[in-house]
Structures are given as structure tokens and as C-alpha cells.
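Reviewing the structure listed below.
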Amino acid sequence: MSELLGTLKRRVSGFISLFKRSLALRVGVALLLLLIFLAIFQPIIDQYRLEGHEATDLGYFEKFLPPSLKHPLGTDQFGRDVLGLHLTGLKFSLIVGALAGSVATLISVCTAIIAGYRGGKIDSILNGVTNSILVIPSLPILMVVAFYTRLDLVSMCLTLAAFSWPWSTRVIRAQVLSLKERTYVDLAKVSGENHFEIMFAEILPNLIPYIIVGLGFSVIGAIFAETGLRIIGLGPTTVVSLGLLIQQALQYGLLTQKRYAEIMSLVLLLMSIFISINLINKGMDEAFNPRLKKVTGE
Amino acid sequence: MESESMSVLEVQNLKIYYESVWGSYKAIDGASFKAYRNEVFSIAGESGCGKSTLVDGILRLVKPPGYIPEGRVIFEGTDLLGIPEDELRRIRWVKIAYVPQGAMSSLNPVIRVEEQMTDAMIDHGSMNKEEARELAISMLKEVGLPVEVARMYPHELSGGMKQRVIIATAIALKPILIITDEPTTALDVIVQKGILELLGSLKEKYGMTVIVVSHDMAAHAQIADRIAIMYAGKVVEIGSIHDIFEEPLHPYTKGLISAIPAMGKKSIKGIPGLAPSPLDWPQGCRFHPRCPYARDICSEVEPSMKEVSPGRHLACHP
Amino acid sequence: MPSPHEEEIKSNLVYQNLTVSVIITLISSFITKSKHMVRIPGFAGYILKKVLIYIVTFFLAFTVMFWALRLIPGDPWSRFVDNLRVLQVDPRISREFIEEYKRKFGLDKDVYTQFALYISNVFLRFDLGLSIASYPTPAQVVIMRYLPWSIGLLGICALISWSIGIVLGAFIGWKHHKKLSSAIFTIALGMSQIPYFIMAILLIMILAYGLGLFPGRWAFAPGTTPGLSLDFILSVIRHGFLPALSIMITSFLSWLVSTRALTMTILGEDYLLFAEAKGLKKIRMLNRYVLRNMILPQATGLAISLGFMVNGAYVVEWIFQYPGVGTLLVHSFLWLDYNLAQGIILMTMFSVLTANLIMDFFYPLIDPRVRTEGK
Chain A
180 MSELLGTLKR RVSGFISLFK RSLALRVGVA LLLLLIFLAI FQPIIDQYRL EGHEATDLGY
240 FEKFLPPSLK HPLGTDQFGR DVLGLHLTGL KFSLIVGALA GSVATLISVC TAIIAGYRGG
300 KIDSILNGVT NSILVIPSLP ILMVVAFYTR LDLVSMCLTL AAFSWPWSTR VIRAQVLSLK
360 ERTYVDLAKV SGENHFEIMF AEILPNLIPY IIVGLGFSVI GAIFAETGLR IIGLGPTTVV
420 SLGLLIQQAL QYGLLTQKRY AEIMSLVLLL MSIFISINLI NKGMDEAFNP RLKKVTGE
Chain B
1188 MESESMSVLE VQNLKIYYES VWGSYKAIDG ASFKAYRNEV FSIAGESGCG KSTLVDGILR
1248 LVKPPGYIPE GRVIFEGTDL LGIPEDELRR IRWVKIAYVP QGAMSSLNPV IRVEEQMTDA
1308 MIDHGSMNKE EARELAISML KEVGLPVEVA RMYPHELSGG MKQRVIIATA IALKPILIIT
1368 DEPTTALDVI VQKGILELLG SLKEKYGMTV IVVSHDMAAH AQIADRIAIM YAGKVVEIGS
1428 IHDIFEEPLH PYTKGLISAI PAMGKKSIKG IPGLAPSPLD WPQGCRFHPR CPYARDICSE
1488 VEPSMKEVSP GRHLACHP
Chain C
986 MPSPHEEEIK SNLVYQNLTV SVIITLISSF ITKSKHMVRI PGFAGYILKK VLIYIVTFFL
1046 AFTVMFWALR LIPGDPWSRF VDNLRVLQVD PRISREFIEE YKRKFGLDKD VYTQFALYIS
1106 NVFLRFDLGL SIASYPTPAQ VVIMRYLPWS IGLLGICALI SWSIGIVLGA FIGWKHHKKL
1166 SSAIFTIALG MSQIPYFIMA ILLIMILAYG LGLFPGRWAF APGTTPGLSL DFILSVIRHG
1226 FLPALSIMIT SFLSWLVSTR ALTMTILGED YLLFAEAKGL KKIRMLNRYV LRNMILPQAT
1286 GLAISLGFMV NGAYVVEWIF QYPGVGTLLV HSFLWLDYNL AQGIILMTMF SVLTANLIMD
1346 FFYPLIDPRV RTEGK
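Line by line, the protein sequences are chains A, B and C.
Take 180 as the starting number for the first sequence in this note's numbering and just add one per residue.
Take 1188 as the starting number for the second sequence in this note's numbering and just add one per residue.
Take 986 as the starting number for the third sequence in this note's numbering and just add one per residue.
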């Protein structure tokens, strides 16, 4: 038991030292935490600012109000406070990303570990399946699924996950293959751990950096796929994601009305999610592969 | 055998350091030796003692984060570390050739063998494509490879064949000096013998100076004339091959010699302890933590290289 | 009374059996192939293996697609039929009408038969079925009107962004120590993953509505007659500029980034060190040692990237209402034209896989290592 605590302590302090090593990681995590904070507290913020109304409710405020202290981004054609609306969008986009991304990563990690570790027939089959899914253009099928079923948040996320898991599987599987050759796996075999234990207790901890990076990409991929779906007009209208808001912007002609600030706000919110995750990924890379000084310029 | 002839290569107090987040790796920390015309000069030491880095330094192939803070590499009177890039390029291969460790990966996988052999010949301006090709083919014969190899791609060749191709490329322009790094590692014993004989013959046939860098003492015993022993980034002993093997003076050398398995030897003795880290060389004589003859002075003062008898250099407190 | 359908159904059943048995043979031979490791040496073996994988992958993807669509609750036909019902005045007439439609589109048979029929139609007669919306035009005719625009757009974007991207990327990698290279790289890295549609929106905002330089919709100006006239061609270029740019910017940047990384890895390889030790001229090293090795994975990468570019490209098409299959796909949903949607998905998969296969054919030309596989 104390051994476990010892390992835990080591891992945690090792984890914290990562932050010291990379500026990108610090900035990325900070930004992401800020966004998540905004998303979590969005309902409370709205309660406070909007006199108890939902940001998405129609018609509580005057239409087309210019930006002011009460409405920092003004109001739209439905009399909704734009800032509250956008924050709601942020919240839903993050939820979609998190949910779809985690499911996808879960599937891909399991698949990759099993395929990479067991090898042989299982590997070939799983590989074949992975490659087939990669080849199928995911968006059209997503569109079909979205259109013909009344999707809700969860089913949409699951469908998004179903198409994005093969991507990280390849990377993780390659890593599993190289780890398999290392001596401590043989040690574990000799000491009598069975396959499952080896897979999840020995190999998994070393995959964590790759898993996190894979998670990052899955989340981004899911958010963008969802946004792509939205622009076409599909997807549940109850899930007010940034994508939906962008689609509404296009539909209601915000471009022609030259209401660029609103569009830019949406785009910037979306971009900041993606930039923060990218920074984290880059930071993870820097932290786990510390550069030697006087390097070649990387 | 050392003679009064001018040295072909003289390395003076060469230092090669690597900067890292954890400090300076002092891979080579003041190595000095001389190599003469028409001899096979060996550099020996444990794996990881920096022999390959030394070669990189001599050829000025050290890449960042490595750098050379101090030292001179004098080749035919000129310090290689000081001359401009294009002058160096013109000296390379024509005067100094290099057979790297791991010939397996030193060949470009997507171009044919003959192109890789002739491109250096052409780029050094001495001949056209046809002449280069003929020279390449004659060199292949020289190292005992069939002519068909020329049109092949590297992946079609075995390890030993690739090694020979590289040697063939190296001797083509009749350089004065050839430096080979671990020429026999990763090859099976029979192929090893052939390669070593080939290298040894270069001296007789072409009057080349061959520097062989290896951890394999048996290989050195087979072809070397003189040998330098390296430890912890420095050269600790130099002498003729007979002297070193019959009468090793430095404690480390003694340990190395006694660790060689040989017919008739009853026991092998290893050298106790672990090799020290280049981040933190031991104080004083670097070998003192593992030395059976260590005295107080050994942990305080670093011994310098002295010529204890003609042609015999030693860095050890008497 | 046997309807004229019976004959059709009978011959279809023959097709059905034939197709199913061919497929079973293919799959079993694939499985046994991996068991026996029957190796045909050299180039022929390589190609055969690739073609086999192509067929099996296509079939697998096709099957997944078909069944995924069928297993969704909320069968489209009932929606279509409900729609019709709404439009019909007389419920009796509508029932017959609906039955007829069902028969026409093979909906009166069970799913397995439908699958078999579809396979046989597609593979043996290249018949994607009838487009519901444009009835009686067959789906493939409709698709063929739009497909050239998509292939043109995507093809040009992919080729241009790839070629410029890898050359510049190699150069930046080669000179990675220069400050300019690092700067370019950082910017590229940051922008390389902006999705096409965001780029499209930004471009429309700035260039179309903001500066009025380029049109924000369509492929050519309404009113211009298609043909080989200069007017038309100029109009096409002008209209295609923004959609193409949306795709090309991100694509080019991502090739830049990946090629730079690849180049830097290659620079660290032993054979580059050896080349330098040989005292080769820089130009030769860059050309025969760096570029020649860099292009291999990047060429494969190009083929693979097509599958992903398609996704983004379809959304971009829709934003610009560009008359490619992307826009057609969205419309096919709005018109509840199931066959058309299915057909477009099929064509997309087919095009992507075929592009990959073509790349597989050309790959041995540049990589000598695969030429002797299996020997």
C-alpha cells in the first residue's frame, strides 16, 4: 500500500515538474481552464446578468441593441444578449468536445493496446477495421445519421466518437509496439502477471502522454466535425453549440449585415478552444522531450 | 612503429562537449595523440567512452548541441578546426575518408550503389561520370564484391556487403587517411575477419594511414601497429601493439587486456565498478575509483600524459 | 398475375447469388492468403496485394455504410412517404401511389434482399438507383453533373498545396537554424489546423463582403453560358478562387509543417552524415539525399489526406453553394433523396480509394525498396 502511495507521489511531482518545463503547456492549460471556468459558471453568470433569463430565450431584450455595459456585445435580431448566447455556445461546444473526445479516446486506447500487444490475427483484424473506418468519408455518413434520426446530445457525441477513434489508434498502437519490446514487459511476464495486468498496469502508464495528445486531437476533431455538421444545418437544435450559432449567423445574413463583431466573437471562441488544446499538445511534447540547449532551432 | 617522419594526424588536447538541460556532457575532455604515415593506428576503449564522438570531432562533423570548446586537429600541417567550410569540403574524402559505425544505415536507401560511390568522385571535380563509374567498379573488385552490386540498391545487400561498399567508396580517391569506426560490430565472425584483413591490406597496398576505433581488443590485436587506450574522455596510454599487449602499464589497460578471452587463458578478469558519467568526471585521475593501485595522490591530482619511453606514452602517477 | 417485376426480380436473384458467391470467394481467399503467405515476388505481387486490399476495404466500407444507414431508426422512406401523404389529397390514391413508389425503389422486400440487389446493381450494372427527387433521372446521371466540379476543386487544391508545401517545407527544414525559418514555422504551426470552413467564413468576410474582391457564391456568374469561352473560364476562376483558397491555405500550411519535421529527421540520419563526410556539394545533398527521401512518405500522405480533405471540402462547397457533390449531398437530404445520398457517399469512397490505389501504383517508381518485396 505504501508502495502505491510512493509511486503516486512520484508521479504527481513528476507531473507538476512538466509544467515548469514548458511555457506552451502553462499557457495552454491556463487558457483551457479559463474557458472551462466560463462554461461551468455560465448559467450562474447568466442568472446574474440577464435577470434570471436563459441566454437563448427569445425576445427578452430589445433587438439590435449596440454594445453597452449591460450587453457587451449587444443583442441580436431575436432580442437575445449576444454575450450570454456565445457563452452558452462555448459551454455546449466544450461539452460536445469533451464527451465525444473521451469516448473516442477510450475506444482508441483499448483497441490500440489490444491490437498492439496481442499482435497476430487480432492485430490484423483490428487494423483492417481501423483502416476501413478511416477510409469512409465520415462527414457524409454523419450527415445522414444526423438527418434521419432526431439526434440529441449524447447520440450525436457517440456518433462523432464512432468516426474519430481510428485516428489516434494508429499512433498509440505504434507506441505500444515499441514498448512491448522493452525489458520490463518481459520482467512482468516472468513474474507471472497475466496479459491484462501487463497491458494495463505496465504499458498504459507509459502511454499517458500519447493518450493525452490523442485526447486533445479527438476533442478538437469532434468539435470541428460538429461545427461542420451545424453549418449544413443538421444536428439537435437544443444543443446550442458555437457551430449552431455560426450557422445561424450565416443563415440570418450576419455577413451581409456587416455584423462582423458577432461573427468574429464566435470564431474567436472556437479558435481559443482549439488553440488552447494545441498549446497543451505542443507543451506535452516539449515537456516529455526536453530539448538540449543550444539546439538546432526547434 | 613510430619513426621520425612527420605525423599525418596530430590531435592536441581536443575537447568535445554537449550542452544539455542537466549540464555539460564532457564527452571528450582533452584527448591527444599522433598518427603516422603508413600505419594502422588503433583507438580502444569501452563502449560509450566517446570514441565515436572523437571521430566526429576530428572530421568536424560534430552537430549541435555538441561543440568543440578547445583543441586542435592538425592534418598535414593544417588545423582542420580552423579552416573555412569549402576548404574543408575539398579535403574531405580526397585526403581523409571515413567508414562510419553502422554501415547499414549509412547508405542512402533510394539511390543505387554506383551513384553513391561516384557522387563523391564527381563532386570533387576530378573526373566525369564514365571515369567515375569505372573507378567504382574496380574498387568493388578490390574489396571482393561482384560487379553486379553497382546497380543494386542498399537494401538488397547484406551487412557485410554494405560495409565493403563503404570501404570501397572510401579508398576510391586514394586518401591519405582513413578513419573507421567500429568496423566489425554487428557482423558475424567470419565476415569480421575478412573486413579486418581488408583494412590491414590498405596500409601495404596504398600506404594509407588507417585509424581503427573499436572496443574490440581482439580486432586491434589482429591488425594494429600502434594503439591508444581511451578512458573517460581522455587518452591514458599509447604504445606499440606488442608493448601494450605484453606489458600494459596503465591499470585500466591491464584490466582490458586481462578481460580478453583467449585460447589457453584460464580465467578472465573484468574491471570492477561502472564507467563514470561524462556529466561528472571523477576528481583527479579519472580511473581512481576503480583502480586497484589507487593512492591518495590519485584522487587529487590528474596525471598528465608523459612519454615514459620512446614511443610509449602514459598518464598515470608512478 | 405476374407483374413485369417478376422477371426483373428473377434475373436480379441470379445476379444476387453470383455477387454473393464472388464476394465470399474474395474474402476467403484473402483470409487464406494471409495464412499460406502465397508470395508472388516483385512488382506483380505488390500490386496484387494492393488491389486485393482495395477491393476488400471498399467492400467493407460499403457494407458498413449500407447497414449503418439501414439500421437507423426512422427509416427515410416512411418519412418520404409521409411527406407524400401530406401532399396527396385523396388517401386512397396515395396508398396505391406509395405502394408503387415502394416497389420502384425496392422497398417492398426485406433488408437483406435490398442489400443483395443494391450490390448487384452497383457492381454489375453500375446502377446507383433512381434519384427520388429527380425521378426519373438515375442518380448517377445527377451525380455526374456535379462530380467534375468537386474533383476539379479538390484535385487542384490538393496538388497545388501539396507541391508548394513540401518544397517550402523542405527548404525551411534544411535551413532550420535561420531565424526566418523558425518564424515561418511558428506561424504555420499555429494556423495549420484551422478548419476549412472557418477559413472560408473569414475569407468571405474579408474578401467578399469586406473588400468586394471576389464573389461569395456559385461557380460562375449566373447568366454566363458554360462553354470554352474566355468569359466563362475567367468567371469560373474568379468564383472558384475563394473556395479553393479556403482549402489551400490550411492544406499548404499543414504540408509545410509536416515536411519540415520530416526533413529535420532526415537530416539526422546516418546517410546524411556520411554524405557530408564524403564532402558532397550541398546541392547534391539537398536533392538526392534529402528531397529524394522526403518525398516518399509525403506522397503516400497525399493519397491518405484526400479522404480528410473531402470532409472539409464538402462543407466549404455548401458555404459557397458551389455546384459540387458536397452541395448536392446536402440538397439530397433536404429533398429526402435517399438513393442520391447513398450514391454520393459511394462515389466519394470510390474516388478516394481509387486515388489511393493509383498512388500505390506509382509508389514503387519512387521507392526502390518495395520493388523487390517478397523476393
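Every residue, glycine too, gets a C-beta built ideally from N, C-alpha and C.
This structure is a prediction, so every number in the text was calculated from the model and none was measured.
Per the DSSP secondary-structure output, B:Lys1493 pairs in a beta bridge with B:Leu1501. Taking the CA atoms as reference points, A:Glu441 sits about 38 Å from C:Val1152. Per DSSP, the unbroken alpha helix (DSSP H) holding B:Glu1391 starts and ends at Val1376 to Tyr1393. Contact fails between the stretch 1433-1443 of chain B and the stretch 1381-1397 of chain B, because fewer than three Cβ pairs, one in each stretch, are under 8 Å apart. The three-state secondary structure of B:Thr1265, taken from DSSP, is strand. Interface with chain A (8 Å Cβ-Cβ cutoff): C:Ala1326 is included. Within chain C, no C-beta atom comes nearer than 8 Å to that of B:Ile1255; the closest sits roughly 16 Å away. Within 7 Å of the CB of C:Pro1228, no CB atom of chain A is found; the nearest one sits about 14 Å away.
Judged by DSSP secondary structure, B:Tyr1439 falls within the alpha helix (DSSP H) whose first and last residues are Pro1438 to Ser1445. Judged by DSSP in its simplified three-state form, B:Asn1225 adopts coil rather than helix or strand. Runs of the alpha helix (DSSP H) lying entirely within the stretch 1286-1357 of chain C and spanning at least 4 residues, in chain order: 1310-1319 and 1323-1351. Below 8 Å, enough C-beta pairs join the stretch 1172-1185 of chain C and the stretch 1213-1231 of chain C to call them touching: three or more.
The residues Gly414 and Pro415, in chain order, have a CB closer than 7 Å to that of A:Leu330 in the same chain once the five nearest residues on each side in sequence are set aside. Shown in chain order are the members of the stretch 1277-1305 of chain C whose Cβ falls below 7 Å from a Cβ of chain A: Gly1292, Val1295, Asn1296, Tyr1299, Val1300, Trp1303 and Ile1304. Judged by pairs of C-beta atoms under 8 Å, the stretch 1282-1290 of chain B touches the stretch 1351-1365 of chain B, as three or more such pairs exist. Near chain C, meaning a CB-to-CB distance below 8 Å, the residues of the stretch 1337-1358 of chain B are Tyr1340, His1342, Glu1343, Ile1353 and Thr1356. The Cβ of A:Pro319 sits closer than 8 Å to at least one Cβ of chain C.
C:Ile1183 has a beta carbon lying within less than 8 Å of a beta carbon in chain A. For B:Ile1298, at least one C-beta of chain C is nearer than 8 Å to its own C-beta. Sequence-ordered contacts of the stretch 1337-1348 of chain C with chain A read Val1337, Leu1338 and Asn1341 [C-beta pairs closer than 9 Å]. Neighbours of B:Leu1248 across chain C, judged by C-beta separation under 9 Å: Leu1258, Glu1261 and Ala1262. Around C:Phe1318, the beta-carbon contacts reaching into chain A at under 7 Å are Met322 and Phe326. Within the stretch 1118-1197 of chain C, not a single complete beta strand (DSSP E) segment reaches 3 residues in length. When DSSP states are grouped into helix, strand and coil, A:Val419 belongs to the coil group.
In the three-state reduction of the DSSP assignment, A:Gln427 falls in the helix class, which pools H, G and I. Interface with chain A (8 Å Cβ-Cβ cutoff): C:Ile1151 is excluded.
Neighbourhood of C:Tyr1031 in chain B, by CB distance below 8 Å: empty, with the nearest CB roughly 14 Å away. The Cβ atoms of A:Leu337 and A:Val282 lie closer than 8 Å to each other. Within a 10 Å sphere around the beta-carbon of A:Leu202 sit fewer than 16 other beta-carbons, which makes this residue exposed. Contact between B:Arg1413 and B:Glu1257 fails: their C-beta atoms lie close to 25 Å from each other, not under 8 Å. Not a single C-beta of chain C is nearer than 8 Å to the C-beta of B:Arg1320. A:Gly400 is positioned such that its CB atom lies no closer than 8 Å to that of A:Asn460. If you ignore the 5 residues before and after C:Ile1169, its C-beta comes within less than 7 Å of the C-beta of Ile1157, all in its own chain and listed in chain order. Ranked by Cα distance from B:His1311, the options C:Val1315, C:Ala1260, C:Ala1326 and C:Ile1330 are led by C:Ala1260.
In summary, B:Ile1398 is buried, with 16 or more beta-carbon neighbours lying within 10 Å of its beta-carbon over all protein chains present.
Within chain B, the residues Asp1306, Ala1307 and Asp1310 have their CB atoms less than 7 Å from the CB of C:Leu1265, given in chain order.
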